[in-house]
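There are 2 protein chains.
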Amino acid sequence: VCKYCLLHTLALLILWHRLISQTAAKIDVDFDYDGPLMKTEVPGPRSRELMKQLNGIQNADAVHFFCNYQESRGNYLVDVDGNRMLDLYSQISSIPIGYNHPSLMKLLQQPQNLSTFVNRPALGILPPENFAEKLKESLLSVAPKGLQQVITMSCGSCSNENAFKAIFMWYRFIDISCCLATTHSKAIHKLDIPSFDWPIAPFPRLKYPLEEFVKENQQEEARCLEEVEDLIVKYRKKKKIVAGIIIEPIQSEGGDNHASDKFFRKLRDITRKHGCAFLVDEVQTGGGCTGKFWAHEHWGLDDPADVVTFSKKMMTGGFFHKEEFRPNGPYRIFNTWLGDPSKNLMLAEVINVIKREDLLNNATHAGKALLAGLLDLQARYPHLISRVRGRGTFCSFDTPDDTTRNKLIAIARNKGVVLGGCGDRSIRFRPTLIFKDHHAHLFLNIFSDILADFK
Amino acid sequence: VCKYCLLHTLALLILWHRLISQTAAKIDVDFDYDGPLMKTEVPGPRSRELMKQLNGIQNADAVHFFCNYQESRGNYLVDVDGNRMLDLYSQISSIPIGYNHPSLMKLLQQPQNLSTFVNRPALGILPPENFAEKLKESLLSVAPKGLQQVITMSCGSCSNENAFKAIFMWYRFIDISCCLATTHSKAIHKLDIPSFDWPIAPFPRLKYPLEEFVKENQQEEARCLEEVEDLIVKYRKKKKIVAGIIIEPIQSEGGDNHASDKFFRKLRDITRKHGCAFLVDEVQTGGGCTGKFWAHEHWGLDDPADVVTFSKKMMTGGFFHKEEFRPNGPYRIFNTWLGDPSKNLMLAEVINVIKREDLLNNATHAGKALLAGLLDLQARYPHLISRVRGRGTFCSFDTPDDTTRNKLIAIARNKGVVLGGCGDRSIRFRPTLIFKDHHAHLFLNIFSDILADFK
Chain D
1 VCKYCLLHTL
11 ALLILWHRLI
21 SQTAAKIDVD
31 FDYDGPLMKT
41 EVPGPRSREL
51 MKQLNGIQNA
61 DAVHFFCNYQ
71 ESRGNYLVDV
81 DGNRMLDLYS
91 QISSIPIGYN
101 HPSLMKLLQQ
111 PQNLSTFVNR
121 PALGILPPEN
131 FAEKLKESLL
141 SVAPKGLQQV
151 ITMSCGSCSN
161 ENAFKAIFMW
171 YRFIDISCCL
181 ATTHSKAIHK
191 LDIPSFDWPI
201 APFPRLKYPL
211 EEFVKENQQE
221 EARCLEEVED
231 LIVKYRKKKK
241 IVAGIIIEPI
251 QSEGGDNHAS
261 DKFFRKLRDI
271 TRKHGCAFLV
281 DEVQTGGGCT
291 GKFWAHEHWG
301 LDDPADVVTF
311 SKKMMTGGFF
321 HKEEFRPNGP
331 YRIFNTWLGD
341 PSKNLMLAEV
351 INVIKREDLL
361 NNATHAGKAL
371 LAGLLDLQAR
381 YPHLISRVRG
391 RGTFCSFDTP
401 DDTTRNKLIA
411 IARNKGVVLG
421 GCGDRSIRFR
431 PTLIFKDHHA
441 HLFLNIFSDI
451 LADFK
Chain V
1 VCKYCLLHTL
11 ALLILWHRLI
21 SQTAAKIDVD
31 FDYDGPLMKT
41 EVPGPRSREL
51 MKQLNGIQNA
61 DAVHFFCNYQ
71 ESRGNYLVDV
81 DGNRMLDLYS
91 QISSIPIGYN
101 HPSLMKLLQQ
111 PQNLSTFVNR
121 PALGILPPEN
131 FAEKLKESLL
141 SVAPKGLQQV
151 ITMSCGSCSN
161 ENAFKAIFMW
171 YRFIDISCCL
181 ATTHSKAIHK
191 LDIPSFDWPI
201 APFPRLKYPL
211 EEFVKENQQE
221 EARCLEEVED
231 LIVKYRKKKK
241 IVAGIIIEPI
251 QSEGGDNHAS
261 DKFFRKLRDI
271 TRKHGCAFLV
281 DEVQTGGGCT
291 GKFWAHEHWG
301 LDDPADVVTF
311 SKKMMTGGFF
321 HKEEFRPNGP
331 YRIFNTWLGD
341 PSKNLMLAEV
351 INVIKREDLL
361 NNATHAGKAL
371 LAGLLDLQAR
381 YPHLISRVRG
391 RGTFCSFDTP
401 DDTTRNKLIA
411 IARNKGVVLG
421 GCGDRSIRFR
431 PTLIFKDHHA
441 HLFLNIFSDI
451 LADFK
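Going down the list, the sequences are from chains D and V.
The UniProt record's numbering numbers the first residue of the first sequence as 1 and each following residue consecutively.
The UniProt record's numbering numbers the first residue of the second sequence as 1 and each following residue consecutively.
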């Protein structure tokens, strides 16, 4: 479905490189570079050589290029051919405060922290002395409203799976339980894989900008909410009780689909009416990029969720949950590692930086600059850009089709900007939290040129 | 089922502490201590205080005690009350070369390695320059026979799940596929959780020592093999084709059940006869503790497996597989992180140490000392110890019941030895690879006293 990666091979055919003029230096070079600097096409010769090597060991078709992480700084990702690119994708939204942030480098240089990186414990049975303290300093200092319990996991999929477990245990139905998934990942992940008979409701498909299509969008949201209730009832008749509903505040892999705050408030009401748990999957939206630490805070609810999963920018996976979802005994939610204290240590520092540098407000501000610029480009190039949407820096737009989208991503990369795709024709922005207004303008200038030249 | 953890509360009632006399120093204290040193009962007052704290955040009933990882060295785990214990459980078999190994400490102090710890990439799309090189230096340098492809994952359960995916994709059956699991984790993990209709065959229940019960054991293994074939046929009639068989070389959580090399060779034949994939789960047995790098090497097969999963001592999760199990396109086996290069970096160094210090032969040697000692204790205390078994240091024995087992573990801990339980009445040994003969003797002396005094 999502074949934007295939464009690499096309990109290889265009032997083309360009030196982007440097914009005025805004930040110390130790922390961030002052602009892209391109030396070869991307992927360059060294990347291509390494791709061939890696492909001998595993399928490397998804690889964009190889990186020099030591030389990368702030918002700039440097590749193995010496190209320096403004990174608006940040490792699928997972680098919170930029590459090689000085605060994290310092943390690693402190001798007392070494043992945390070297000795990975079985957290569930033999936690380190500062385990609860670090959880309080990091995760619990940003806990979603009403969710004061937290369990860490090693990755995003483990986080969601164990959250499902917690919900099933809370529901206490064996065999007849089922879970309502409204999430929609790349279909290719699921092909050939057996899965449960879990109902999947449609995520609203809205028109943007939202304020111009209020009535249509309300109808579309009402339709989706109705279908959620219908599915709950239909499955109950099949003797499959819906134990919980899982949803992303912005449906990400499925194409960056937004819904109104009202939609989520009504969905929350449905979960209450039918006694299902409400699991908000903030793996991609969490960590501050929408301008609030959690995207669900925008809904303005006092009781927004029963369970919230996270990963990516949080550096560790895991989930917050209400007291009543707490496993009623040891080993019920368990694996050997249950996360990694070295990630908690880094997360505590990341959260310090977010607070100290007011990065949530920065995301709102820089996101506005980015969105305004995208709306302007949409007005100028409506045949190339449509459905501009976003919250904070979590922005995206649609292109006419898959081919155009992939071509735009490849051209942008060769001009020094890393973008990501999602859904079947969208381009998504997932910059770090230190992405500032001037980075937005830098991108918009480059992309404006690309659109002007696009054939 | 496995309630040995409950004993902590009992242990609290026995206010008892003892200073173990130090044995002769054998190794530099920077690297390993020379014996246990007990200051309080375990868990001590500081651990109990921290348990209370942690229990406010998450269910902490499984916590044994809190650790001071900075002060731990080699085979010795130091707790927050200053107790120093010989660790024969090594974080559920996941610390390969002991705590704070100097080689790993040095690795972390090298400035050029810092960025690997600070910038966690999305490995599937933007790998670091040395990704393939580090895979070759680490995982591929110990690849199982015939399995030259490898995919990394963040943890053990992700490794098995993605290996299942790879098998289903190889089989290309949708909906009618199923997988034959002979593994048996703690039943409490599974309670209340919906699961697939996958057939589970019994793991042979043998009598030990194996050489004394050859005939009975052959019969038991024949019975189990027959049941495997029966299940394959029975499920085929239900239109559920068995796509693969998963087995552990030593069934670990299920109670350290061994089977003969012949059993596994015959099981391998069954997979060939019925066209199923053979997945060997080496999450717990892999990494050298059985005296060979992979436990399946003991079977003496040229084609031992189609897929081998790993985690724990390998520091990263993942799986090796044959070329034909390679995903046929990008994003088919995919998630954001796909492991962690900082773990690959450490694993490469761990494997260097294993080779340099001949730690596989050490595991065989120290394992023999341990097993001989256990057999001796079994002869002297048959009412307490039975079914002594082991391969390398991967040893275990049975106790009369759950209560006795848990009591023995608690007493041993208070005498400075950390042991683990498995199954419903077994005690398992999972020391590090730097566990030497003298550590075995030290343990055996302490445990012999415990058995002599046991009431």
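Note that the Cβ used here is the ideal one computed from N, Cα and C, for glycine as well.
| query | result |
| --- | --- |
| Within the continuous alpha helix (DSSP H) that includes V/M315, where are the two ends? | Neither: V/M315 is in no alpha helix (DSSP H) and is coded neither H nor E. |
| Suppose the cutoff is 6 Å on Cβ atoms and the five residues either side in sequence are ignored; what does the same chain contact list for V/G82 look like? | K39 |
| Leaving aside the five residues before and after D/F334 along the sequence, list all residues of the same chain whose C-beta is less than 7 Å from its C-beta, in chain order. | G124 |
| Can the beta-carbon of V/A62 be found less than 8 Å from the beta-carbon of D/P330? | yes |
| So, using beta-carbon positions, are V/V150 and V/L126 closer together than 8 Å? | no |
| Please go through the same chain and pick out, in chain order, the residues whose beta-carbon is closer than 6 Å to the beta-carbon of V/T290, but skip the five residues on each side of it. | R391, G392 and F394 |
| Kindly indicate the opening and closing residues of the beta strand (DSSP E) around D/R413. | From DSSP, D/R413 is part of no beta strand (DSSP E) but of the alpha helix (DSSP H) over D402 to N414. |
| Which residue wins for smallest C-alpha separation from D/A369, given the options D/I245, D/K415, D/T271 and D/K436? | D/K436 |
| Would you kindly report the start and end of the unbroken alpha helix (DSSP H) that includes D/C289? | That residue, D/C289, is in no alpha helix (DSSP H); it is neither H nor E in DSSP. |
| For chain V, is any of its Cβ atoms less than 8 Å away from the one on D/M314? | no |
| Pull up the DSSP beta-bridge partners for D/G421, would you. | D/I427 |
| Using C-beta distances below 6 Å, list every residue in its chain close to V/L279, excluding the 5 sequence neighbours before and after it, in chain order. | A163, G244, I246 and V307 |
| Flag this pair as yes or no: are the beta carbons of V/P400 and V/L384 separated by less than 8 Å? | yes |
| What's the call for residue 458 of chain D, buried or exposed, on a 16-neighbour Cβ count within 10 Å? | The structure shown does not extend to residue 458 of chain D, since chain D is modelled only from 1 through 455, so no value can be given for it. |
| Which term fits D/I200, buried or exposed, when burial requires 16 or more other beta carbons within 10 angstroms of its beta carbon? | exposed |
| Should V/F454 go down as buried or exposed, given a rule of 16 or more other Cβ atoms within 10 Å for buried? | exposed |
| Between the region 80-98 of chain D and the region 32-47 of chain D, do at least 3 Cβ pairs fall closer than 8 Å? | yes |
| If we cut at 8 Å on Cβ distances, does V/P102 have a partner in chain D? | no |
| Count the other CB atoms, across all protein chains shown, that sit within 10 Å of the CB of V/G300; report buried if there are 16 or more and exposed otherwise. | exposed |
| How far does the alpha helix (DSSP H) with V/C395 in it reach, from first residue to last? | Here V/C395 belongs to no alpha helix (DSSP H); instead the beta strand (DSSP E) covers F394 to D398. |
| Along the region 148-166 of chain D, what residues have a CB closer than 7 Å to any CB found in chain V? | Q149, V150, I151, S154, C155, G156, S157, C158 and K165 |
| Put D/G373 into one of helix, strand or coil per three-state DSSP. | helix |
| Please report whether the beta-carbon of D/T336 lies at a distance below 8 Å from any beta-carbon of chain V. | yes |
| For the 8 Å Cβ check, are there 3 or more pairs between the region 306-322 of chain V and the region 144-161 of chain V? | yes |
| Take every Cβ of the region 87-107 of chain D, pair it with every Cβ of the region 64-79 of chain D, and state whether three or more of those distances are shorter than 8 Å. | yes |
| How about V/P144 and V/A305: are their beta carbons less than 8 Å apart? | yes |
| Under 8 Å, CB to CB, which of the residues in the region 112-127 of chain D have a partner in chain C? | Although the question refers to chain C, the structure presented lacks it and instead comprises the protein chains D and V. |
| Look at the alpha carbon of D/L104 and the alpha carbon of D/K312, and state the distance between them as a whole number of angstroms. | 16 Å |
| Using 8 Å as the cut-off, can you tell me whether the region 339-348 of chain V makes contact with the region 414-421 of chain V, which would need three or more C-beta pairs spanning the two stretches below that distance? | no |
| Between the beta-carbon of V/A166 and the beta-carbon of D/L54, is there less than 8 Å? | no |
| For D/F164, does the three-state DSSP call read helix, strand or coil? | helix |
| Just the chain D side, please: which residues come within less than 8 Å of V/V80 by C-beta, in chain order? | E129 |
| Counting only C-beta atoms, is residue 461 of chain V closer than 8 Å to chain D at any point? | Lying before the first or after the last residue shown, residue 461 of chain V is absent from chain V, which here runs from 1 to 455. |
| Would you say D/C67 lies against chain V (beta-carbon separation less than 8 Å)? | yes |
| Let me see if you follow: with CB-CB separation under 8 Å, is D/D376 close to chain V or not? | no |
| Alpha carbons only, please: which of V/L108, V/Y381 and V/G287 is nearest the one belonging to residue 459 of chain V? | Outside the modelled stretch of chain V, which goes from 1 to 455, sits residue 459 of chain V, for which no answer is possible. |
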